[in-house]
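Peer 1:
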Amino acid sequence: MRLLYLIVIHFYHLGIRLAAWFHPKARAWVDGRQDWQEQLAQWRNTLAEDTPILWMHCASLGEFEQGRPVLEQIRQRFPAYKMVLTFYSPSGYEQQRQYPHADYVAYLPPDSPGNARTWVTMLRPQLAIFVKYEFWLFHWQALFRQRVPTFLIAASFRPRQVFFRWYGGMFKKLLQQVTFLFVQTPADRQLLNRHGITAVQVAGDPRVDRVLAIATAEINFPQVASFATGHRVFVAGSTWPPDEAMLLQDQSRWEGDWKLLIAPHDISPRHLDQIAAQIRLPYQRFSQLAEGADLSACRILILDTIGMLSRVYHYGHLAYVGGGFGVNIHNTLEPAAHGLPVLFGPRHQNFPEALALRETGGAFVLPTPADFPERFRQLQDPDQYENARQAVLTYLNNSRGASDKIVAQLEVLKSLKV
Numbered sequence: 087m088r089l090l091y092l093i094v095i096h097f098y099h100l101g102i103r104l105a106a107w108f109h110p111k112a113r114a115w116v117d118g119r120q121d122w123q124e125q126l127a128q129w130r131n132t133l134a135e136d137t138p139i140l141w142m143h144c145a146s147l148g149e150f151e152q153g154r155p156v157l158e159q160i161r162q163r164f165p166a167y168k169m170v171l172t173f174y175s176p177s178g179y180e181q182q183r184q185y186p187h188a189d190y191v192a193y194l195p196p197d198s199p200g201n202a203r204t205w206v207t208m209l210r211p212q213l214a215i216f217v218k219y220e221f222w223l224f225h226w227q228a229l230f231r232q233r234v235p236t237f238l239i240a241a242s243f244r245p246r247q248v249f250f251r252w253y254g255g256m257f258k259k260l261l262q263q264v265t266f267l268f269v270q271t272p273a274d275r276q277l278l279n280r281h282g283i284t285a286v287q288v289a290g291d292p293r294v295d296r297v298l299a300i301a302t303a304e305i306n307f308p309q310v311a312s313f314a315t316g317h318r319v320f321v322a323g324s325t326w327p328p329d330e331a332m333l334l335q336d337q338s339r340w341e342g343d344w345k346l347l348i349a350p351h352d353i354s355p356r357h358l359d360q361i362a363a364q365i366r367l368p369y370q371r372f373s374q375l376a377e378g379a380d381l382s383a384c385r386i387l388i389l390d391t392i393g394m395l396s397r398v399y400h401y402g403h404l405a406y407v408g409g410g411f412g413v414n415i416h417n418t419l420e421p422a423a424h425g426l427p428v429l430f431g432p433r434h435q436n437f438p439e440a441l442a443l444r445e446t447g448g449a450f451v452l453p454t455p456a457d458f459p460e461r462f463r464q465l466q467d468p469d470q471y472e473n474a475r476q477a478v479l480t481y482l483n484n485s486r487g488a489s490d491k492i493v494a495q496l497e498v499l500k501s502l503k504v
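Under the numbering used here, the residues of the sequence shown are numbered 87 to 504, in order.
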């Protein structure tokens with residue numbers, strides 16, 4: 087199995103290098119890993135030999151939002167540690183390369199025995215934290231060989247994953263060697279326990295702490311406030327073409343008390359033009375608004391920017407999270423943090439927070455786009471809406487504090503020292 091993994095990883099990386107000739111993201115993946123040894127050595131040589139280093143690794147931006155509250159709390163309480171943050175994908179690295187709470191931000195080197203051994207030997211971390219789904223065989227083995235305490239946080243497991251298959255013994259052994267696993271749900275812990283993995287704590291999702299911090303901070307977007315004043319706003323976040331077609335099929339619902347704010351996942355000029363071609367009501371694109379613009383007559387606002395959506399939910403009354411009619415839904419915690427009931431499509435089963443919101447009555451699944459009008463009508467009933475909103479708030483109250491639990495356990499295990 088180890089040889090098979092090595093072969094698969096080799097050809098996967100080869101495929102990315104070939105794709106780099108044609109695809110900008112693949113090119114960024116390759117270019118970002120050039121000269122990584124020299125860059126790491128240059129940074130490490132600026133530190134004393136005994137400087138304590140914490141290494142956190144995230145796949146991309148979503149996982150970073152889960153790890154971020156933990157890293158920042160450790161940074162505040164244990165300032166002697168130097169923080170190293172790595173990403174696998176360009177989408178995470180490019181947006182957080184200047185992240186102020188990390189001392190060194192880099193790409194994770196390709197997972198090979200030599201790369202992993204060199205990375206861990208040169209970095210010399212005191213502990214390593216991986217977020218959610220990041221399982222890298224050779225990097226983990228290199229950490230274990232050098233007896234570096236290694237943790238997995240915000241983890242979520244399913245019975246059909248390779249760890250629990252008859253052929254996955256090598257990968258299950260990785261989980262057994264991890265110092266401690268922090269999982270999101272009791273079901274995760276039960277699954278691990280059944281397979282003999284007992285160094286487990288149900289801590290929840292640290293991303294709840296992050297979205298609550300965003301939601302409670304000062305939020306001021308005057309143009310969006312102008313758009314929302316005197317109306318109820320339906321915020322559709324991270325939408326894809328099937329979502330947009332559903333929301334724009336009957337636009338009469340956006341002519342009265344309700345307005346539509348739509349934040350597409352793809353904000354390329356071509357896709358924005360495709361959305362605009364479907365709109366028959368007065369609309370605006372946020373990027374084209376002048377300061378102090380009056381949006382009282384605007385019925386549909388297209389949020390064609392990056393980085394605002396998590397705060398723009400503040401102006402909403404009801405939310406829809408896109409992607410559920412395609413590959414998978416996007417972030418449901420961001421609208422929930424603002425107390426908004428959430429709607430999404432059927433592809434949500436791999437997201438514990440979406441399942442939990444649904445079970446508590448704060449989120450609603452649309453099996454098909456044709457189910458949207460009836461569900462939208464139901465949630466306009468004041469009692470049904472308030473019940474859903476209270477369910478969201480109850481979920482948030484019960485789910486906050488994951489970061490505190492994780493950092494406290496790291497202290498108990500004496501993996502963090504003043």
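Even glycine gets a Cβ: it sits at the ideal position worked out from N, Cα and C.
Along the chain, where does the beta strand (DSSP E) containing Ile239 start, and where does it finish?
Peer 2: Start and end: 236 to 241.
Peer 1: If you follow the beta strand (DSSP E) that Tyr190 is part of, which residue opens it and which one closes it?
Peer 2: Per DSSP, Tyr190 belongs to the beta strand (DSSP E) from 190 to 193.
Peer 1: According to DSSP, is His187 helix, strand or coil?
Peer 2: DSSP places His187 in coil when its eight states are reduced to three.
Peer 1: Exposed or buried, Ser354, counting other C-beta atoms within 10 Å across all chains shown (16 or more means buried)?
Peer 2: When all chains shown are included, Ser354 counts as exposed.
Peer 1: Excluding sequence positions up to five away, which residues of its chain have a Cβ less than 6 Å from the Cβ of Ala192?
Peer 2: Excluding positions up to five away in sequence, the list reads Thr172.
Peer 1: Could you check which residue in Val248, His434, Thr480, Arg183 has the C-alpha nearest to that of Asn147?
Peer 2: In the sequence on display, residue 147 carries Leu and not Asn. Considering only alpha carbons, the answer is Arg183.
Peer 1: For Tyr369, which three-state DSSP category applies?
Peer 2: Looking at Tyr369 - three-state DSSP - the assignment turns out to be strand.
Peer 1: Give the DSSP-derived three-state secondary structure of Lys500 in the structure shown.
Peer 2: Coil.
Peer 1: From what residue to what residue does the beta strand (DSSP E) around Gly323 run?
Peer 2: Residues 318 to 325.
Peer 1: Would you mind stating whether Gln287 and Ala240 have Cβ atoms separated by less than 8 Å?
Peer 2: For Gln287 and Ala240, no; Cβs fall outside 8 Å.
Peer 1: At 4 residues or longer, and completely inside the stretch 115 to 193: list those alpha helix (DSSP H) runs for me, N to C.
Peer 2: Whole alpha helix (DSSP H) segments, 4+ residues: 122 to 130, 147 to 163, 176 to 182.
Peer 1: Determine the extent of the alpha helix (DSSP H) in which Trp205 is found, giving its start and end residues.
Peer 2: Segment 199 to 209, the alpha helix (DSSP H) holding Trp205.
Peer 1: Measuring only from the beta carbon, is Ala228 closer than 7 Å to any heavy atom that is part of the ligand MG?
Peer 2: Looking for the ligand MG in the displayed structure turns up nothing, as the structure carries no ligands at all.
Peer 1: Quick check: the Cα distance between Asp343 and Arg486, rounded to an integer number of angstroms?
Peer 2: Cα-Cα distance, rounded: 34 Å.
Peer 1: Check the DSSP bridge columns for Gln287 and list the partner residues they point to.
Peer 2: Looking at the DSSP assignment, Gln287 forms a beta bridge with Phe268.
Peer 1: Starting from Val297 and walking both ways along the alpha helix (DSSP H), at which residues does that stretch end?
Peer 2: Val297 -> alpha helix (DSSP H) spans 293 to 302.
Peer 1: Could you pull the start and end residues of the alpha helix (DSSP H) that Trp107 belongs to?
Peer 2: Run containing Trp107: none; DSSP gives neither H nor E here.
Peer 1: With Tyr481 and Thr446 assumed to form a contact (beta carbons below 8 Å), what rounded beta-carbon distance in angstroms separates them?
Peer 2: About 5 Å separates the two Cβ atoms, so the contact holds.
Peer 1: Does the Cβ-Cβ distance between Leu367 and Gly402 come in under 8 Å?
Peer 2: Cβ distance not < 8 Å, so Leu367 and Gly402 don't count as in contact.
Peer 1: Within the continuous beta strand (DSSP E) that includes Lys58, where are the two ends?
Peer 2: This structure cannot speak to residue 58, because the chain is shown only from 87 to 504.
Peer 1: By how many angstroms is the C-alpha of Asn484 removed from the C-alpha of Pro138?
Peer 2: Spanning the two alpha carbons is a distance of roughly 34 Å.
Peer 1: Apart from the five residues just before and just after Tyr369, which ones in its own chain have a Cβ nearer than 8 Å to its Cβ?
Peer 2: For Tyr369, where only same-chain residues beyond five positions count, the Cβ hits under 8 Å are Ala362, Cys384, Arg385, Ile386, Leu387, Ile388.
Peer 1: Can you grab the Cα-Cα spacing for the pair Pro196 / Trp115, in whole Å?
Peer 2: Spanning the two alpha carbons is a distance of roughly 10 Å.
Peer 1: Residues bridged to Phe450 by DSSP?
Peer 2: Per DSSP, Leu429.
Peer 1: From Met256 to Phe97, what does the alpha carbon distance come to, in whole angstroms?
Peer 2: If you take the alpha carbons of Met256 and Phe97, they lie about 20 Å apart.
Peer 1: Ser312 and His351: beta carbons closer than 8 Å?
Peer 2: Going by C-beta atoms, Ser312 is not nearer than 8 Å to His351.
Peer 1: So, helix, strand or coil for Val413, using DSSP?
Peer 2: Val413 falls in the coil class under three-state DSSP.
Peer 1: Express the C-alpha separation of Val248 and Ala422 in angstroms, rounding to a whole number.
Peer 2: Whole-angstrom Cα-Cα distance: 32 Å.
Peer 1: Tell me the DSSP secondary structure of Ile386 in three-state form.
Peer 2: Three-state result, Ile386: strand.
Peer 1: If we ignore side chains and look at the alpha-carbon of each, how far apart do Gly282 and Val493 end up?
Peer 2: Computed Cα separation, rounded: 24 Å.
Peer 1: When the Cα of Pro459 is compared with those of Trp340, His434, Gln374, Glu377, which residue comes out closest?
Peer 2: With distances taken between Cα atoms, Pro459 lies closest to Trp340.
Peer 1: Give the straight-line distance between the Cα atoms of Gly408 and Phe437, rounded to the nearest whole angstrom.
Peer 2: Approximately 14 Å between the Cα atoms of the pair.
Peer 1: So Trp205 and His225 are in contact, right, with Cβ under 8 Å, and what is the actual spacing, rounded?
Peer 2: Right, their Cβ atoms sit about 7 Å apart.
Peer 1: Count the C-beta pairs between the stretch 321 to 335 and the stretch 286 to 304 that are closer than 8 Å, then say yes if the count reaches three, no if not.
Peer 2: The stretch 321 to 335, when compared against the stretch 286 to 304, does not touch it at the 8 Å Cβ threshold.
Peer 1: List the residues that DSSP assigns as beta-bridge partners of Phe462.
Peer 2: Partner(s): none; Phe462 has no beta bridge.
Peer 1: Suppose the cutoff is 6 Å on Cβ atoms and the five residues either side in sequence are ignored; what does the same chain contact list for Glu497 look like?
Peer 2: Counting only Cβ-Cβ distances below 6 Å, and skipping sequence neighbours, we find nothing.
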